[in-house]
Amino acid sequence: MDSLILRKTTREDIPSIIAIEQASFVSPWNVHTFLTALHDRRSCNITARYNDRIVGYCFSLGMKNMVHLLNLAVHPDFRRQGVARRLLDEIFSFARSNRKSYVFLEVRKSNDIAKRLYTSAGFTHVSTWQRYYSDTGEDASIMVRRLERTDG
Ligand SMILES: CC(C)(COP(=O)(O)OP(=O)(O)OC[C@H]1O[C@@H](n2cnc3c(N)ncnc32)[C@H](O)[C@@H]1OP(=O)(O)O)[C@@H](O)C(=O)NCCC(=O)NCCS
Numbered sequence: 048m049d050s051l052i053l054r055k056t057t058r059e060d061i062p063s064i065i066a067i068e069q070a071s072f073v074s075p076w077n078v079h080t081f082l083t084a085l086h087d088r089r090s091c092n093i094t095a096r097y098n099d100r101i102v103g104y105c106f107s108l109g110m111k112n113m114v115h116l117l118n119l120a121v122h123p124d125f126r127r128q129g130v131a132r133r134l135l136d137e138i139f140s141f142a143r144s145n146r147k148s149y150v151f152l153e154v155r156k157s158n159d160i161a162k163r164l165y166t167s168a169g170f171t172h173v174s175t176w177q178r179y180y181s182d183t184g185e186d187a188s189i190m191v192r193r194l195e196r197t198d199g
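Counting the sequence shown from 1 gives a position; the numbering used here is that position plus 47.
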């Protein structure tokens, strides 16, 4: 997807994002959660567009020495074309330019596709948070990607 355009998420993007969110998750974020994340000054939120259509997004939050990846999804019709990897690269750039040492996230233990994505992007499993997801009682895998000081 050479003509994929990545840019900062705005309030106007939220309806399209919610449509993808609802097609992607058992317990989707609601509009309030998205707006709270969008307005947090520590956040880095990126939207991917193809032919002027929103096809994916990620939300992240800069913390002390790390970035917390909060949400990431790609429209079902545009998956497996490298969109998520491009979004992750933007988060890594944000983290490096803000001198953060790590990016971390939680992922459902059963979400093998997402775990493959994160593993392929350099994350490793560091911990299990038992029964972390209140909707299903599922465990979370905590995955961390360390950012090398010299590579960006
Ligand atoms: C997980 C998700 C974001 C991946 O998005 P994507 O744009 O399709 O991912 P990419 O095309 O960038 O894939 C990058 C790598 O991830 C892995 N991967 C992605 N989809 C895969 C699949 N269906 N099967 C196996 N591996 C897969 C592969 O290693 C892939 O690299 P490759 O294509 O060179 O083999 C997408 O499937 C999605 O939105 N899922 C629902 C929401 C979700 O689970 N979000 C993550 C919550 S923690």
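For each residue, glycine too, the CB sits at the ideal point set by N, CA and C.
Could you tell me the alpha carbon to alpha carbon distance between residue i and residue j, rounded to whole angstroms?
i	j	result
D124	R96	13 Å
S74	R155	12 Å
G199	Q69	Note on G199: pLDDT 44, under 50, position unreliable in the model; the coordinate value appears next. Their Cα atoms are separated by approximately 35 Å.
G184	R178	4 Å
T57	S71	20 Å
Y180	I64	22 Å
G169	I93	20 Å
T106	N77	Here residue 106 is Phe; the residue named in the question, Thr, does not match the sequence. So the two alpha carbons sit approximately 14 Å from each other.
Do residue j and residue i count as a contact pair if the criterion is CB distance below 8 Å?
i	j	result
F151	M113	yes
R89	L116	no
Y104	I160	no
L194	A142	yes
S188	H172	yes
Spell out whether any CB of chain C is found under 8 Å from the CB atom of residue i.
i	result
R155	Absent from the structure is chain C; it holds one protein chain and no more.
Which residue comes first and which comes last in the beta strand (DSSP E) that contains residue i?
i	result
V150	149-155
L117	113-121
R89	Careful: R89 lies outside any beta strand (DSSP E) and carries neither H nor E.
Y104	100-109
S174	171-176
Name the two residues that bound the continuous alpha helix (DSSP H) containing residue i.
i	result
L18	Any question about residue 18 goes unanswered here, given that the chain covers just 48 to 199.
V191	From DSSP, V191 is part of no alpha helix (DSSP H) but of the beta strand (DSSP E) over 187-193.
V130	130-144
T166	159-167
S181	That residue, S181, is in no alpha helix (DSSP H); it is neither H nor E in DSSP.
E68	61-71
Give the single residue among the options whose Cα lies nearest to the Cα of residue i.
i	options	result
R192	E59, S174, Y180	S174
H79	I93, Y180, T94, I61	I61
N98	D49, W176, F170	D49
R126	I101, Y149, T83	I101
> Does the count of Cβ pairs from the region 132-152 and the region 160-171 closer than 8 Å reach three?
Replying inline: Contact between the region 132-152 and the region 160-171 is present: 3 or more CB-CB pairs across the two stretches fall below 8 Å.
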